[in-house]
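Just add 79 to the spot in the sequence shown (first one is 1) and you have the working numbering.
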Amino acid sequence: MNALCEVDERRQLLGRVLDASQLGLEALDLVVPAVEAAERLCLSLDAEDGVPIAGLCRLVRWAMEDYHGMLDNVREEAATALSDEG
80 MNALCEVDER RQLLGRVLDA SQLGLEALDL VVPAVEAAER LCLSLDAEDG
130 VPIAGLCRLV RWAMEDYHGM LDNVREEAAT ALSDEG
């Protein structure tokens, strides 16, 4: 009985990981284009402050893209673990 509870808890946790990572991916899919637009806007200003801000936007975008890749990996691992459980 205890082993069945542990398997059920594991499945629930993996399901939550899948749900949370999907929400994270969806959020990133909304935010990344906004950061890209901010970067373009700052570059188009061609002002003294625009270039450093555009560089910061680029770094933020790269970090978000890396995080997107990590969430993809988490989802893949969780899905694999769930299918192995089933």
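Using N, Cα and C, we set each Cβ at its ideal position, and we do this for glycine too.
Would you call the CB atoms of residue i and residue j closer than 7 Å?
| i | j | result |
| --- | --- | --- |
| L93 | A142 | no |
| M139 | V114 | Residue identity check: residue 139 is Val in the sequence provided, not Met. A contact, by the Cβ cut-off of 7 Å. |
| E155 | R90 | no |
Nearest to residue i by CA position, among the options, is which residue?
| i | options | result |
| --- | --- | --- |
| H147 | Q91, R90, A99, C84 | A99 |
| V153 | V86, G103, E88 | G103 |
Please report whether the beta-carbon of residue i lies at a distance below 7 Å from any beta-carbon of chain B.
| i | result |
| --- | --- |
| E85 | No chain B appears in this structure, which consists of one protein chain only. |
So, is residue i buried or exposed, given that buried needs 16 or more other C-beta atoms within 10 angstroms?
| i | result |
| --- | --- |
| A106 | exposed |
| A116 | exposed |
In chain order, what residues of the same chain have a beta carbon less than 6 Å from the beta carbon of residue i, not counting five sequence neighbours either side?
| i | result |
| --- | --- |
| C121 | G129, I132, A133 |
Leaving aside the five residues before and after residue i along the sequence, list all residues of the same chain whose C-beta is less than 8 Å from its C-beta, in chain order.
| i | result |
| --- | --- |
| V86 | E164 |
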